[in-house]
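Residues 583 to 1009, numbered by our numbering, are exactly what the sequence shown covers, in order. Note that the Cβ used here is the ideal one computed from N, Cα and C, for glycine as well. Keep in mind it's a predicted model, so treat the numbers as computed, not measured.
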Amino acid sequence: MKRISLISPPAVGLKDKLSYPPLGLLYLASNLDGFYQVKVQNMVTIEEPLDIDFDIFGISIHSNASLQAARGVMTAIRKRNGSAIIVAGGAFPTSMAEFTLNNTEADIVVVGEGEQVFSNLCKGENLKDIKGIVYKRDSQIVHNQPQELIQNLNTINFPARSLLPRSMIKHEGKVHHSDKPATTIFGSRGCTYNCSFCDTELWRRRWRSRSPENIIAEIEEVKVEYDIDWFRFPDDCLNLNRKWFVDFCQKISKQNIRWTILSRADRLDLDLLKLMKQSGCREIFFGFETGSQKLLDLMDKRITVKQNIEAVRMCRKAGIISCAYMLFGFPGEDEATIAETKKFLLTAKPDKSRITQFIPVPGSEVWRNPEKYRVKIKYNFADHWCFDCHPFALDYQYIGNDKMDKLRTEIMDFYKNQGYFKGWSDS
């Protein structure tokens, strides 16, 4: 029987890796077509001991910040188990397949959606016949044809949560103004928007949803097994299709759960928010990014500052907590845009706000055309971390990094003075 290890390495600077389980790896495990011995390791630190007695290793690299640790994990595996097959997958390898093969010990990269592709690899099919992979053959890199996206997400097995300790399934800290434990669940995949800071390669700008009944079946399973009634939907845009989402809200209201989502401001109105509240929605996380219309346009967000302010107002009226995710340092940031962001937050008055530092995402418009934005990308991925004031991942040629550092201090001081940092360690 083949032994398969699925590993989620730690990201640079991450302190709360235990908050939520690595659902991507748990989906891979539950959708293997065959009999295998499978272990999932959600690493908190790079110092964690590794069990290397496996035939196949699947390593998740979800961002630039994960690369350094993932490389270390793969190097350790190769030194101690030279015959193992190492497979890399996730958002970073999908956009940087050749880089991953040339700069890590990975033998194969899975490009895009992984359930079918990884299952075919584990069955031992000839590499030339497996869609959705990039690999080396005789020192040459081979790109196979892409794997078609799964059309019906209801056909996918629920994530194999039983492969992780219960403590890694339930976030036991204070969650969204509640002392109840929470966990994550996906209801859809993909996003049809094309923001210039985002990579759309993984889902190819396609949006697909599970049926409400299928989602509810998973919720009921988790409620019974883990005694959880708080769920966070980390989908890019769960409410993209209004008709589907209204049906979802109406059906989930019978579950007596509390849930949160990410949303754009322009996908909501007061009637929908009231329905969401009635069905258990307690908090919405908005990617507002900035209070500057100039920057929103550069980001190709296709939204206005006015719409974002109105979304917070409607949430307040509906009784739903609003959380503003803001982004510091997108190319074009300057004294004026910082002033506009502060004005936006003081005007909108979201219940919570979190600000992170811009990191260029491989495959994004900024990554492909940095000169268009008057910046130069630094390719030291150890610095590509969006929290804790890490070194900038860009050279801001239009303003200078020293000036940008002063602006960062200004906006961070504003956040401290407004009390926005309080409570984030628990949420």
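- Three or more pairs of CB atoms, one per stretch, sit closer than 8 Å, so the segment 857-871 contacts the segment 816-831.
- Residue burial is scored here from C-beta neighbours: Gln698 has at least 16 other C-beta atoms within 10 angstroms and is therefore classed as buried.
- Restricting attention to Phe636, Glu795, Arg719, the CA atom closest to the CA of Arg660 is found in Phe636.
- Collapsing the DSSP output to three states places Phe830 in a helix.
- Residue nearest to Lys934 within the set Lys825, Lys958, Lys960, Phe868 is Phe868 (criterion: CA-CA distance).
- Distance from the CA atom of Gly696 to the CA atom of Ile628, rounded to whole angstroms, is 24 Å.
- By the Cβ test, the segment 919-928 is not in contact with the segment 892-904, since fewer than three Cβ pairs between them sit closer than 8 Å.
- DSSP places Phe639 in the strand class (E or B) of the three-state scheme.
- One alpha carbon belongs to Lys931, the other to Glu871, and they sit about 15 Å apart.
- Comparing alpha carbon positions, the residue from Ser590, Phe617, Asp615, Tyr618 closest to Leu607 is Ser590.
- For Glu892, the closest C-alpha among the options Ser648, Ala906, Tyr775, Asn685 is that of Ala906.
- Per the DSSP secondary-structure output, Val655 pairs with nothing in a beta bridge.
- Note on geometry: alpha-carbon atoms of Phe910 and Cys780 lie some 15 Å from one another.
- DSSP places Leu855 within a helical segment (H, G or I) once states are collapsed to three.
- Contact check between the segment 743-750 and the segment 726-735: fewer than three CB pairs, one atom from each, fall below 8 Å, which does not count as touching.
- For His753, the beta-bridge partners assigned by DSSP are Ala764.
- Following the DSSP letters along the chain, one finds Cys819 in no alpha helix (DSSP H), marked with neither H nor E.
- Taking all protein chains shown into account, His725 has fewer than 16 neighbouring C-beta atoms within 10 Å of its C-beta and is therefore exposed.
- Looking at the DSSP output, His725 bridges to Val716.
- For Thr991, the secondary structure class from DSSP, reduced to helix, strand or coil, is helix.
- Measuring C-alpha to C-alpha distances from Trp826 to each of Ser642, Leu844, Arg792 identifies Arg792 as the nearest.
- Contact between Ala673 and Val693 does not hold, since their C-beta atoms are separated by about 11 Å, which reaches or exceeds 8 Å.
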